[in-house]
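Last residue of the sequence shown: number 313 in UniProt numbering, and the count goes up by one each step with no gaps. Ideal Cβ positions, reconstructed from N, Cα and C, are used throughout, including at glycine. Written below as structure tokens is the structure these notes are about.
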Amino acid sequence: MELTTTYQSGLSAIPGYRDVVLGVALEQSKYVGVDGMRLHIGGETHNASSFFDREGLSSGTGELLINPRTATASIFPGGTEQHAFFDRSRMAEYFFSADLIHSGSYSYGGPFSGKAKVRDVQVPTEVDSRLAAGDTFVLSAKSQSRPRPPDALVEAFESNDYARLGRRKITPADLKAIQAICEEVGALGEQLVLNHERKRLRDLGHVSAASLVERISLRSVGEGYDICSYEDDGRTRRLIEVKATVGDGWVVDFSAREWQAAQSYGSKYYVARVRRVRTDPELLFFKDPFRLESTGLIKLTPSGWRLDLAQAV
């Protein structure tokens, strides 16, 4: 994304307004939100352009994907810039939560969160003259925040704790909200692990390998793992299945495909458990979970396998 005019090269700030920098991928009908702080750099070359990971354009319809990207500009703490990928159904959410998104602290659930209903508008169209003057166009709507089920209920759903779920009267709308939050929890966990792996490799001096770390789950959901990274040598593949939770739980469930991948890849396969993903994330990595089958820590369930990682620490 080319940014060739900044505040250091003649661009004028408008008092009372926030900076929003959007790229548009016309073919995919996607927007790429870039940190507005880029408008404060550029220097003599006036170049504040930003590269982004193509994998972000693979996000599904109605998704808001936040992807960390290594940045050389010293203006970004830790050398990481957060990019947001979304379509028009999440644009209002992006506008209202951009600061949190680009600081890396957004955990979804802000104003206008979730996929919004959108409709096509014929162009050109007419708007009320009171809402448009000069370069200013005012959009208004009633602020909406998605109802948030208690974390305890979300955690029960994550762990398939049907006994606890059965004690609650859950409506179809409640179930839909819980499922949406679980999807976002999974996405947050994968983003945290992706960022961790890229930073780990950069710190080891493997900058090229860090740039190749990929969130496989964005383009294929049947691989049995979510992230392809590399070991400390920068060459050996490290395949990571991410299991995230809003709580402190240690019990994780594997699908048949995930357990098959764990068996096939052996020591190259890891489980990354991300606890308290919304509030105080803690990442723990477990290598070769299949080897634990002989220890009795694995239980067969109707949908796959269940592993208590607390006993594997």
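Where residue i falls, given that 16 or more other Cβ within 10 Å makes a residue buried
| i | result |
| --- | --- |
| Ile227 | buried |
| Gly222 | exposed |
| Arg235 | exposed |
| Ala98 | buried |
| Asp233 | exposed |
| Asp35 | buried |
| Thr245 | buried |
| Pro150 | exposed |
| Thr301 | exposed |
| Ala71 | buried |
| residue 317 | Residue 317 lies beyond the range of the chain shown here (1 to 313); nothing can be said about it. |
| Gln179 | exposed |
| Gly186 | buried |
| Phe137 | exposed |
| Pro172 | exposed |
| Val242 | buried |
| Glu197 | buried |
| Ala156 | buried |
Helix, strand or coil at residue i according to DSSP, with G and I counted as helix
| i | result |
| --- | --- |
| Lys115 | coil |
| Asp87 | coil |
| Ala48 | coil |
| Pro68 | strand |
| Asp248 | coil |
| Ala141 | coil |
| Phe76 | coil |
| Val213 | coil |
| Asp99 | helix |
| Lys169 | coil |
| Tyr94 | helix |
| Val221 | coil |
| Glu183 | helix |
| Thr301 | strand |
| Ser105 | coil |
| Thr236 | coil |
| Asp253 | strand |
| Arg200 | helix |
| Glu63 | coil |
| Arg291 | helix |
| Asp174 | helix |
| Asp151 | helix |
| Gly189 | helix |
Between the CA atoms of residue j and residue i - distance to the nearest angstrom
| i | j | result |
| --- | --- | --- |
| Val121 | Val127 | 12 angstroms |
| Ser159 | Cys182 | 11 angstroms |
| Ser9 | His40 | 10 angstroms |
| Leu26 | Arg306 | 43 angstroms |
| Gly104 | Gly304 | 34 angstroms |
| Lys268 | Leu239 | 6 angstroms |
| Gly79 | Tyr94 | 22 angstroms |
| Gly56 | Leu3 | 19 angstroms |
| Arg275 | Asp248 | 5 angstroms |
| Arg38 | Ala48 | 6 angstroms |
| Tyr17 | Ala209 | 39 angstroms |
| residue 331 | Thr5 | Outside the modelled stretch of the chain, which goes from 1 to 313, sits residue 331, for which no answer is possible. |
| Tyr270 | Ala310 | 15 angstroms |
| Ala116 | Leu175 | 18 angstroms |
| Ala169 | Phe52 | Here residue 169 is Lys; the residue named in the question, Ala, does not match the sequence. Going from the Cα of Lys169 to the Cα of Phe52 covers about 44 angstroms. |
| Leu192 | Ala133 | 42 angstroms |
| Tyr106 | Leu212 | 25 angstroms |
| residue 325 | Thr125 | Residue coverage of the chain in this structure runs from 1 to 313, which leaves residue 325 outside it and unanswerable. |
| Ser255 | Leu131 | 52 angstroms |
| Thr279 | Ser129 | 44 angstroms |
| Lys30 | Arg88 | 8 angstroms |
| Pro111 | Arg291 | 45 angstroms |
Neighbour flag for residue i against chain C, beta carbons, 7 angstroms
| i | result |
| --- | --- |
| Arg215 | In the structure shown, chain C cannot be found, because there is only a single protein chain. |
Opposing strand residues paired with residue i [DSSP bridges]
| i | result |
| --- | --- |
| Thr125 | DSSP, once it has assigned bridges, lists no residue as partnering Thr125. |
| Glu81 | Arg69 |
| Glu158 | Beta-bridge pairing links Glu158 to no other residue. |
| Ser58 | Partner(s): none; Ser58 has no beta bridge. |
| Ala132 | Phe137 |
| Phe286 | Val271 |
| Asp308 | Val251 |
| Val242 | Ala272 |
| Ile227 | Arg215, Ile240 |
Check: residue i C-beta below 6 angstroms from any heavy atom of the ligand GDP
| i | result |
| --- | --- |
| Ala261 | By its list of ligands, the structure shown contains no ligand whatsoever, and the ligand GDP lies outside what it can speak to. |
*Ranges of the alpha helix (DSSP H) found wholly within the region 256–284, counting only runs of at least 4*: 256–265
**Q.** 3-residue-minimum beta strand (DSSP E) runs that sit fully inside the region 1–46, ordered along the chain
**A.** 21–25, 30–34
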